[in-house]
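Protein chains in written order, with my numbering: chain A, 1 to 340; chain B, 1 to 395.
Here a beta-carbon is modelled for each residue, glycine too, at the ideal position from N, C-alpha and C.
Bear in mind that the values here come from a model prediction, so they are computed numbers and not experimental data.
Take a look at the structure set out below.
Right, here's the structure in full:
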């Protein structure tokens, strides 16, 4: 067992980090809001391997695993990279052109028919819309959908449409693929959320060292220290959980740290991280630096996969409830049995 | 980023699991928590079993009778002993986990030969005499005096929060040997035989009730000079050497036990009734338990990350503070959940209606100390903020 990020993984992470820092400088994020989606940049992300990461070399992929994918998505989260990243990554194995970035794939997780509003992110940019249903993955043509733009989306970088009628579409994969995507998607979202938490923590910590009140840096006051210490601890938990989700999906043998749990912790970190961002929001240059985006963004990936709150509640109870329903037990970490 | 245990770790696990399957049933259930003579004999009997099977002193060097287990083998050990419901280290705690390792690192050949085998075999119980009423978070402010008189030190002072003092044979005591030196430089580390004249032990009743803590009064206690470990006035450095042995595994054992405890709470939830339904039928409760299980998963992953790092560097990282901070506060939330599950049965300190009130109440009351002991949560936050995040010290 060596749970550290290894040298190859560090190189991959560093490459993505410098790419994202070059393409998505924080002080220009605000400018992105008028036209957040850029196909040329999307192709560059594809060239960096963001979508083809887990495809075999025969399919022009990098043949890497979920551990690496989680690291990559943490970097995307750190720079609030816009676009349907998770869906296009998941779709790379099924939709020709998704891996190379020529085809932009978005998605929805709608397990059951429901009267809830159908909200689709980045619809104008999409070539393919995938919907996870109970019977598997369905493919729709986003250009044929009747949709109205939402005037004020939560995230200025993520345009939003309300689709009035979502057709059945063509079934292109079975329920086992949909189930696998939910797991993998949960881990990727956890990675993104961890990245956002880490980046906002760094901003807030740096600010607390330089901003002065009463003639000294505010970071010397315990009131500030303790907030940053708490958010740091949650960030580190989210890191461990997201990494564990990736490593466990690659090698399912050691129990614990499954996708759902890591996703839950990633979201938890995002929510807890808001307090970090409140520190960052005090920054006089917050608007200019696009820091305010960080306040809303963690809510987005949370809602991306699964139908928001209901799924969160289901996942939360899943682990505890499942053994009762099946009369069995679910393996927790370290071979511990959770549930009766 | 690989969580798989090696083949040799798995072999270690298989052997340990097979041994525990025999040894734990033989050991039987623990005695009542207030019966200290019985507890001492139960805990030392288990230590003897561990010794004979080759599992005592898991992280001690082989030349002193230990197993010299790798950090991952230690994690396997904690996982398997928790899974098997094996006894905890109990009254052997200070000797096996603190005093013994200190002697390994800093003791003389005579001190090692005298104490280490007996600690490992469960023949010698140790207690700790560090804290004083005036020295808590600021431990180096301690005032207990040790004055040279020929080949003896004469001790006078008052120690508090001494775990297991009333069943201990020896104590690791920090005393001031140079009152004029800066506070960290005038302290020495002594082995104190607890049967010397002038030692008075008064049990400290706590909310938990059963007197694990004592205060120890030292009235002109004469201790031979050769009982000093390390150089005179070098005691502060010596108190810190045991950290080297932890290598990131601090709290690992407790965390695994907490996972086991959560399983127990899920079982209780199946049995108790709330508002005409089983507590377990409440989706909110199941969600809460599921959420906590996820947090424990993440903590365990964080332990593995910490162990992986310290295996390479040889020293535990600062993330120990982060782990301690989160773990202890999560512990308190879990025992609160347990109290809610017990409902009115939590009014009794003894088991009622087949519900484990005694265990749950003990854990709940004991847990209040966790965020204070071994560096309070506030101190841990200061450490995280100043040493990890690099924020300026408060003036």
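- Closest by C-alpha distance to residue 88 of chain A, out of A:245, A:200, A:247 and A:189, is A:189.
- Rounded to whole angstroms, the gap between the alpha carbons of residue 201 of chain A and residue 10 of chain A is 21 Å.
- Contact annotation: residue 218 of chain B and residue 186 of chain B have beta-carbon atoms that are not nearer than 8 Å.
- Between the alpha carbons of residue 132 of chain A and residue 58 of chain B lies a gap of roughly 50 Å.
- Counting other Cβ atoms within 10 Å of its Cβ, residue 96 of chain B reaches 16 or more and is therefore classed as buried.
- Contact annotation for residue 33 of chain B against chain A: no contact, minimum CB-CB distance about 24 Å [criterion: below 8 Å].
- Of the residues B:98, B:28 and B:21, the one whose Cα lies closest to the Cα of residue 189 of chain B is B:98.
- By the 16-neighbour rule on beta-carbons within 10 angstroms, residue 114 of chain A is exposed.
- Selection B:45, B:333, B:32 and B:381 evaluated against residue 122 of chain B yields B:45 as nearest (Cα-Cα).
- The C-alpha of residue 221 of chain A is placed about 6 Å away from the C-alpha of residue 394 of chain B.
- According to the DSSP assignment, residue 115 of chain A belongs to no alpha helix (DSSP H), since it is labelled neither H nor E.
- If you check the CB distance, residue 60 of chain B and residue 66 of chain B come in under 8 Å.
- In the structure shown, the three-state DSSP call for residue 146 of chain B is strand.
- Under the three-state reduction of DSSP output, residue 12 of chain B falls in the helix class.
- Under the Cβ criterion (8 Å, minimum of three pairs), the segment 207-214 of chain B counts as touching the segment 151-171 of chain B.
- Rounded to whole angstroms, residue 60 of chain A and residue 103 of chain A show a C-alpha spacing of 15 Å.
- As summarised for the segment 155-216 of chain B, the continuous beta strand (DSSP E) elements at least 3 residues long and confined to that stretch are 170-176, 187-193 and 199-203, given in chain order.
- Rounded to the nearest angstrom, the gap between the Cα atoms of residue 196 of chain B and residue 115 of chain B is 17 Å.
- In this chain, the alpha helix (DSSP H) harbouring residue 234 of chain A covers 222-250.
- In the pairwise beta carbon analysis, the segment 5-19 of chain B is classified as touching the segment 63-80 of chain B: at least three pairs are separated by under 8 Å.
- Inclusion of residue 22 of chain A and residue 48 of chain A in the CB contact set at 8 Å is not warranted, their separation being larger than that value.
- Rounded to whole angstroms, the separation of the alpha carbons of residue 182 of chain B and residue 191 of chain B is 23 Å.
- Spanning the alpha carbons of residue 178 of chain A and residue 7 of chain B requires a straight line of approximately 34 Å.
- Distance from the CA of residue 193 of chain B to the CA of residue 129 of chain B, rounded to the nearest whole angstrom, comes to 12 Å.
- Closest option to residue 24 of chain A, judged by alpha-carbon separation, among A:56, A:41 and A:251: A:41.
- Under a 10 Å Cβ-count criterion, residue 11 of chain B is classified as exposed, with fewer than 16 other Cβ atoms of the shown protein chains found around its own Cβ.
- If you compare the alpha carbons of A:33, A:86 and A:216 with that of residue 154 of chain A, the shortest gap goes to A:33.
- Taking the Cβ atoms as the reference, residue 123 of chain A lies roughly 11 Å from residue 140 of chain A, outside the contact range of under 8 Å.
- By DSSP's assignment, residue 224 of chain B forms a beta bridge with B:152.
- Taking residue 374 of chain B as the centre and dropping the five residues before and after it, the same chain places the C-beta of 324 closer than 8 Å to its C-beta, in chain order.
- Inside the segment 53-79 of chain A, DSSP marks whole alpha helix (DSSP H) runs of 4 or more residues at positions 66-78, from first to last along the chain.
- As DSSP reads the structure, residue 217 of chain A sits in a beta bridge with A:212.
- With contacts defined by Cβ atoms closer than 8 Å, residue 282 of chain B and residue 274 of chain B form a contacting pair.
- Nearest CB-CB separation between residue 236 of chain A and chain B: below the 8 Å threshold.
- For residue 204 of chain B, same chain residues with a beta-carbon under 8 Å away, outside a window of 5 residues either side, are 160, 161, 211, 213, 214 and 215 in chain order.
- In the structure shown, residue 37 of chain B falls within a helical segment according to DSSP collapsed to helix, strand and coil.
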